[in-house]
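There are 2 protein chains.
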Amino acid sequence: MSKGVNLKELSNRLQLSQTTVSRALNGYPEVSAETRRRVAEMAEKLGYAPNSQARRLATGRSMAIGHVIPRSIHEMMNPIFLEFIAGAGETYSKHGYDMIISVVEDDHEEDAYRQIASRKKADGVIIHGPAADESRHRLLREINLPFVVHGRIPGAENETSWVDMNNRRAFERATNLLLDLGHKRIALLNGLEHMDFARRRRVGFEDALAARGLAPDTGIMRSSDMTEPYGCDNAMEMLRSANPPTAFLVSSMISAIGVARAIGQCGLETGKDVSIITHDDALSFLPNSGEVPIFTCTRSSVRYAGQRAAELLLDHIADPEREPSSLHLDAELIVGQSTGPAPDR
Amino acid sequence: MSKGVNLKELSNRLQLSQTTVSRALNGYPEVSAETRRRVAEMAEKLGYAPNSQARRLATGRSMAIGHVIPRSIHEMMNPIFLEFIAGAGETYSKHGYDMIISVVEDDHEEDAYRQIASRKKADGVIIHGPAADESRHRLLREINLPFVVHGRIPGAENETSWVDMNNRRAFERATNLLLDLGHKRIALLNGLEHMDFARRRRVGFEDALAARGLAPDTGIMRSSDMTEPYGCDNAMEMLRSANPPTAFLVSSMISAIGVARAIGQCGLETGKDVSIITHDDALSFLPNSGEVPIFTCTRSSVRYAGQRAAELLLDHIADPEREPSSLHLDAELIVGQSTGPAPDR
DNA sequence: GGGCGCTTTCAAAGCGTTTTGGGCAAGAAT
DNA sequence: ATTCTTGCCCAAAACGCTTTGAAAGCGCCC
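Going line by line, the protein sequences match chains S and H. Count along the first sequence starting at 1, add 24, and that's the number in the numbering used here. Count along the second sequence starting at 1, add 24, and that's the number in the numbering used here.
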């Protein structure tokens, strides 16, 4: 309760050595029960808390996990990123780790990782938003910094630890649902396809079509930053075309909201004239629940992914010899109000 | 470029004392130009970077700023929070500071601050989302942890440093615009009114009405978490009532999108039959720009607020004697497509 | 040629922990 | 009666940096 007591003062007050006090507080066995009690009591009374810098220096572990986030990624993935962070943060604090976030200029990302390693700022990092031509994992391996990927690095699935949802499968199932409902012309509003997750989603979409002998029509397939206007503008354009799609498969709730707006502006009704399935990351400020969710969706909690990715990383730090391990999360396919049978024509 | 060189090795290699090497690298004057050059060269060659824990311990400054974010706040303010963080993060890295984020259970927030102070985890913190009955600033003062508030603490405006936008004024101006357009029945969809910012917005709204001799109708004023369904459900209910509003003043883009959806579902047209003005925090994934923005809005960049708040805090840490200083940002009032003259009736 | 000031360097003392390598009893085993 | 455990505790050495206080070298002045 009082201020600024350090280990030396505390042990003086107790007439004990720093060693014993330290051991008592850190739960080592070679301390008598009585002494441990006395120490705990006095520590509480004087409000002792170990200086974390000193402890980190002495133990050689920084007890922190780094997240480096280049401005551009953050612009793109903003809300998803935070939700992930929140999940990871819960795990960290549960295990006494700190989370340190570096916002860096895009071309300084590599520098940021090198600094984290050389200055010993963190014991590990999480790679966000792996691209199709990812290379960060090589750097991290080179500088010997443990990491876990949120998503997957194509070609390195077996040699890295990762947490990802089954993007391909989710979009395959979603497409199948639309096909089962009789939709023949399905538009795909995907995320940026230099990102690994977007590629996999597209493959799932195409696989489902191919399984029914349908060829994808690139005229109604788009790939971009997943903003609201992106959804609206592209849907609008397609709906006004000669041969409009009857269904949209959309990569994010935010864009899906844009699509719904476009449908409304065309005087059509979502779920009746035009169907939408979106991927729902279960963001807290965009709830899509209720008795019947507004959007039919593939849902996978990105916050949960954050928790688990953090756990994997912490495990890996605790035991560096362990083989890389991974978690493949399946998305739920949830039927809401935004889908219905394809209209007759 | 190589790994794990520390100061001792580096100075051995140079046949110099650690003192001199340290001084050379940290830019102290009492080092000859020639020596400084040699040191820099060798440091580069061996890839030396000072261990940050050791440095922090030696200097007594942790070179980090803490952001503690209780789960509940984060659920509410999710995207805004991240945008602020991103801004602050830019400032931190520019000044060599780390940003550490603690996600804590709601009832552990106070603990989190105490820990930051007693374990010396950060040199200062930022208070997010001040409430009407705020008390964190007292705790922080008691434990002597420098801080800056994002927003304002009612009653403590002069004794704390803060960065806030002029919420009252923004909503007053927005309301005036609607009144000027002939709207008489204006609904307010506000954020949670135990939050300071929401209160101020409501006051601005009421002031504008009062100035024209109008009394607010609490039947069309709501206060809640600013989600999309919140906007849609409440707008829907009001629009279907006997005496529906002709305009909505909304506290966030996300809810405004919900309102627009409700308007569409009622077969009405936004900007024609019903007007909307929303507050726009300039979130990157919800751009509201273009030639004519979709939404008429009061706009203020929360990312910019983050940058400036961080600067204020860093200044304050550098010179603890300095008087608290503050920044009052004015929101722009930007006319978009969602407003028009009140329909005749 | 001793004193003085200036520049440049160094050895050593922190910073606040953890950890290493004993030490000293008291009881157990030989 | 000696040697081994076992349980509990300690002094001192890390950890890798910054900073203090001193000193060496050198030119210059009186």
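Cβ atoms here follow ideal geometry from the backbone N, Cα and C, with glycine treated the same way.
Item: If I follow the unbroken alpha helix (DSSP H) through S/A48, where does it start and stop?; Value: 42 to 49
Item: Using a Cβ cut-off of 9 angstroms, pull out every chain S residue sitting near H/F105, in sequence order please.; Value: L106
Item: Please determine, among H/I109, H/A286, H/T294, the residue with the shortest C-alpha to C-alpha distance to S/V92.; Value: H/I109
Item: Taking Cβ to Cβ, would you say H/L233 is nearer than 8 angstroms to H/T184?; Value: no
Item: Using a Cβ-Cβ cutoff of less than 7 angstroms, which residues in the same chain neighbour H/M25 once the five nearest sequence positions on both sides are dropped?; Value: Note that H/M25 scores 46 on pLDDT, short of 50, meaning its location in the model is unreliable; the coordinates nonetheless yield the value given after this. Around H/M25: G71.
Item: Along the chain, where does the alpha helix (DSSP H) that runs through S/V283 open and close?; Value: 277 to 289
Item: So the candidates are H/Q42, H/A73, H/F272; which of them puts its Cα closest to the Cα of H/T59?; Value: H/Q42
Item: Less than 8 angstroms separating the beta-carbons of H/L212 and H/R226?; Value: yes
Item: Restricting to Cα atoms, I'd like to know which of S/G295, S/A239, S/S324, S/T302 is closest to S/E252.; Value: S/T302
Item: Ordered along the chain, which non-local residues of its own chain (more than five positions away) have a Cβ less than 7 angstroms from that of H/R85?; Value: D147
Item: Report yes or no: is there a C-beta of chain H within less than 8 angstroms of the C-beta of S/D122?; Value: yes
Item: Run through the segment 201 to 273 of chain S for me and flag every whole alpha helix (DSSP H) of 4 or more residues, listed as ranges in chain order.; Value: 220 to 235, 252 to 263
Item: Strictly by DSSP, which residues pair up with S/F171?; Value: S/V149
Item: How long is the line joining the alpha carbons of S/A180 and H/N30, rounded to whole angstroms?; Value: 33 angstroms
Item: Rounded to the nearest angstrom, how far is the Cβ of S/R285 from that of H/A259, given a contact under 8 angstroms?; Value: Going by Cβ atoms, the distance from S/R285 to H/A259 rounds to 14 angstroms, so no, they are not a contact pair.
Item: Could you please give me the residues that DSSP links to S/R323 through a beta bridge?; Value: S/D304, S/E356
Item: Under 8 angstroms between C-beta atoms, does H/G71 make it to chain S?; Value: yes
Item: Buried or exposed for H/S265, going by 16 or more other Cβ atoms inside 10 Å?; Value: exposed
Item: Which residues, taken in chain order from the segment 144 to 157 of chain S, show a beta carbon closer than 9 angstroms to some beta carbon of chain H?; Value: K144, K145
Item: What would DSSP say about H/S96, mapped onto helix, strand or coil?; Value: helix
Item: Does the segment 158 to 175 of chain H come within contact of the segment 238 to 256 of chain H, defined as at least 3 CB pairs closer than 8 angstroms?; Value: no
Item: From H/P103 to S/D354, what distance separates their C-alpha atoms?; Value: 25 angstroms
Item: Less than 6 angstroms between C-beta atoms, sequence neighbours within five positions excluded: which residues of the same chain meet that for S/G330?; Value: F108, G111, A112
Item: Buried or exposed: where does S/S324 fall if 16 or more other Cβ atoms within 10 Å of its Cβ makes it buried?; Value: buried
Item: Going by the DSSP bridge assignment, what does S/L351 pair with across the sheet?; Value: S/V187
Item: Give the single residue among H/A73, H/R80, H/Y121, H/N75 whose Cα lies nearest to the Cα of H/L337.; Value: H/Y121
Item: Can you check the segment 50 to 137 of chain S for any beta strand (DSSP E) of at least 3 residues that lies completely inside it and give the ranges in chain order?; Value: 88 to 94, 122 to 128
Item: Give the secondary structure of H/T294 by DSSP, where H, G and I count as helix, E and B as strand, and everything else as coil.; Value: strand
Item: If I measure Cβ to Cβ from S/R138 and keep anything under 7 angstroms in the same chain, skipping five residues before and after, which residues do I get?; Value: I167
Item: Can you have a look at H/E158 and say buried or exposed, based on whether 16 or more other CB atoms are within 10 angstroms of its CB?; Value: buried
Item: When you compare only the Cα positions, how much space is there between H/G215 and H/F221?; Value: 8 angstroms
Item: So with Cβ pairs under 8 angstroms, would you call S/G288 a contact of chain H?; Value: yes
Item: Under three-state DSSP, which class holds S/S299?; Value: strand
Item: Could you tell me if S/K145 is buried or exposed, where buried requires 16 or more neighbouring beta carbons within 10 angstroms of its beta carbon?; Value: buried
Item: Kindly list the residues whose CB is nearer than 7 angstroms to the CB of H/A280, restricted to its own chain and excluding five residues on each side of it in sequence; keep chain order.; Value: G255, V274, I300, T302, F319
Item: Using beta carbons (cut-off 8 angstroms, strictly below), is H/A78 in contact with chain S?; Value: yes
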